[in-house]
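Position 70 (the sequence shown) corresponds to 106 in this note's numbering; numbering is contiguous. Positions of the beta carbon are idealized from the N, C-alpha and C atoms, including for glycine. Worksheet: the structure to be examined is printed underneath.
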Amino acid sequence: MGEHHVPLQIDENNNVTKVGHDMGGSYEIKEAVQLELFSTSSIDIYEQCILCGIETTTLKTTHVDFRTGYIEGAGQLCRECYMKGSAEGRQHISIPKHYINSYPNDMELGAKVRQFYYENY
Ligand SMILES: [Zn+2]
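This is the structure in structure tokens:
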């Protein structure tokens, strides 16, 4: 087994521009490619929600004027946390799941939902 050496052509910026021999199927590199050896997690490019900590869909590079859910002086909120505090977010209510089975009579269920609403919202 012989050792194989592959010549590299390196330009003035230390970028590899060519791999291999001219006569032996060399590979020309058209533009310098920055190789990412350690994949950085996407958390590095997206803002985190200041309330719940999840990764938002807002890029850190997005100007604050073009963001949704950005609170000046505080930071970025995810959509869910942002909606909680908005008028639109308050137009929905949640009822305990067991209500559906606990009150098989629709009229009774309706009364319980209404009661729950007045007690909790
Ligand atoms: Zn959140």
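Cβ-based neighbour list, residue i, same chain, cut-off 7 Å, excluding 5 preceding and 5 following
i    : result
I79  : For I79, the predicted model reports a pLDDT of 48, less than 50, meaning its position is unreliable and no value from the coordinates is stated.
V100 : Y106
Y157 : I129
Cβ neighbours of residue i in the same chain (closer than 6 Å, five flanking residues each side left out)
i    : result
V149 : I131
C114 : C85, I90 and T92
T98  : none
Own chain, CB closer than 8 Å to residue i, minus 5 neighbours either side, in chain order
i   : result
Q84 : I90, E91, T92 and Q112
Exposed unless 16 or more other CB atoms sit within 10 angstroms - verdict on residue i
i    : result
C88  : exposed
T94  : buried
Y135 : exposed
Opposing strand residues paired with residue i [DSSP bridges]
i    : result
I131 : Partner(s): none; I131 has no beta bridge.
E91  : Q84
I107 : G111
Residues passing the C-beta test against ligand 1 heavy atoms, cut-off 5 Å:
C85, L87, C88, C114 and C117
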